[in-house]
Each structure stands twice: as structure tokens, then as C-alpha cells.
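Per the working numbering, the very first residue in the sequence shown carries number 2; after that it's consecutive.
Data first, discussion second: the structure below is written as C-alpha cells.
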Amino acid sequence: MSGWSADFYFYGNWTDPRIDDIWAKHLDAFNAAIALLPVPGKRIELPFTDGKLRIPAIFYGSGKKEARPTIILGNGYDGGQEEMLHVMGKAILERGMNVITYEGPGQPTVRRKQNLGFIHEWEKVVTPVVDYLLTRPEVDPKSIGLLGYSFGGMLAPRAAAFEHRLAPVFAVDGVYEFASVV
Numbered sequence: 002m003s004g005w006s007a008d009f010y011f012y013g014n015w016t017d018p019r020i021d022d023i024w025a026k027h028l029d030a031f032n033a034a035i036a037l038l039p040v041p042g043k044r045i046e047l048p049f050t051d052g053k054l055r056i057p058a059i060f061y062g063s064g065k066k067e068a069r070p071t072i073i074l075g076n077g078y079d080g081g082q083e084e085m086l087h088v089m090g091k092a093i094l095e096r097g098m099n100v101i102t103y104e105g106p107g108q109p110t111v112r113r114k115q116n117l118g119f120i121h122e123w124e125k126v127v128t129p130v131v132d133y134l135l136t137r138p139e140v141d142p143k144s145i146g147l148l149g150y151s152f153g154g155m156l157a158p159r160a161a162a163f164e165h166r167l168a169p170v171f172a173v174d175g176v177y178e179f180a181s182v183v
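Structure below.
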């Protein structure tokens, strides 16, 4: 988590090159760590809209051979997908389910690498994640859930309104009126 702590102080000045250096070091350390998990996390990139843009994601398998429920974990405004493993992913994996984390436009990696800000049509982000999950034999296609955390708790219901292959949808959000915090 020290990577987030270090780069947090640079959010006021996105042009400071140190923020990208800190972020890259954080990702390198996280990648080394997920390689050591009992079932290593697998980084993937999914096509977004026209196919030129990408959605970064990490799939964490339960280690079970049979198809299992899978939870898609989405974070909020300034949270990277990596922290979702610690926030909720580990507990989900311990219960025998699969987890996939992702980042969409406006979130750290996509904003930094592809210069994309938030979009309101969040189903355009979640649908490629669901499409990917349906290609994996260890995923039960009737038991794919979506959990949005922080600002992601406002994005998840929008995605679920248009992405009908989701089973449960959880909105874990601390913001009741977004206009009051911007």
C-alpha cells in the first residue's frame, strides 16, 4: 500500500513525472507478489469500444476445477484495481469464488496510460469483463456478480442496468450526493 501512500501526495499536480515512476514501482512490486499467490493472479487487457483502447484487469482463480461463482470488483475515483485484492478480493477467494478486478476510464491506470477520463456509460467497461469471464471454464456463467466500491458503488448500478448477465450487484459507496464532493 505504500505505493498509493507515496503517489497520493502528487494528485494535485498530474504533470509531476514522479507520480508515474512511483506508480510503475508499485505495479512491479504488486506483480511480483501476485505471482506468489497459491493460484497466481493473471493480468489481462480487454478491448474497450473501438478495440484500440484497453481495460486492464487481473483474474484471480479460486483454484477449483469446477465452475464457480465469480465476483467482478470495481474501485472508485482514485483507487487502483490492485488494492481491491486486499479490500475484498482475498475474502471472496477464501470462500471458494473467483475474482476479477479491473479499471475503466478515469481510474488510475487508464487515466495515466491512455489519458481517458470517466464516462457515464459504465456498462461499456463492465460488458467486456463479463465477455472475458464467459470464456473461462472455471467461471459459472449464471453466477457472475459485480461489486462497486467507493465511487465504483455509483458506477456498478449503471452498468447493471444495461448488462443483464450479472447475478448479484453490490453498491458499496460512501457518497450519497456526488455533486457535494466535487
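Virtual Cβ for every residue (Gly too), placed ideally from N, Cα, C.
The model shown is predicted, which means the values in this text are computed figures rather than measured ones.
| Check | Outcome |
| --- | --- |
| Where the beta strand (DSSP E) through residue 150 begins and ends | 140 to 150 |
| Cβ-Cβ separation, residue 161 to residue 148 (assumed contact under 8 Å), whole Å | That pair is no contact at about 11 Å. |
| Buried or exposed by the 16-neighbour rule on C-beta atoms within 10 Å, applied to residue 3 | Confidence at residue 3 is low in this model, with a pLDDT of 47, below 50, so its placement is unreliable and no value can be given for it. |
| Cutoff 8 Å; reference residue 143; Cβ partners in own chain excluding five residues on either side | 168 |
| Enclosing alpha helix (DSSP H) for residue 31 [first to last residue] | 19 to 35 |
| Residue 151 versus residue 119 - alpha carbon distance | 15 Å |
| Beta-carbon proximity of residue 101 to residue 34, cut-off 7 Å | no |
| Neighbour-count burial assignment, residue 106, 16 or more Cβ in a 10 Å radius | buried |
| Through-space distance from residue 70 to residue 115, alpha-carbon basis | 31 Å |
| Anticipated Cβ contact below 8 Å, residue 45 with residue 72, distance rounded | Going by Cβ atoms, the distance from residue 45 to residue 72 rounds to 16 Å, so no, they are not a contact pair. |
| Run of the beta strand (DSSP E) containing residue 80, from where it starts to where it stops | Where residue 80 is concerned, there is no enclosing beta strand (DSSP E), given that its DSSP letter is neither H nor E. |
| Close-in-space but distant-in-sequence residues of the same chain around residue 127 (CB under 6 Å, 5 per side omitted) | 160 and 164 |
| Unbroken alpha helix (DSSP H) run spanning residue 88, endpoints | Residue 88 -> no alpha helix (DSSP H), and no H or E assigned at all. |
| Status (buried if at least 16 other CB within 10 Å, exposed otherwise) for residue 64 | exposed |
| DSSP three-state assignment for residue 67, whether helix, strand or coil | coil |
| Residue 82 vs residue 61 beta-carbon contact at 7 Å | no |
| Assigned exposure category for residue 134 - 16 Cβ within 10 Å defines buried | buried |
| Per-residue DSSP class, three states only, for residue 102 | strand |
| From 31, 68 and 89, residue whose alpha carbon lies closest to that of residue 137 | 68 |
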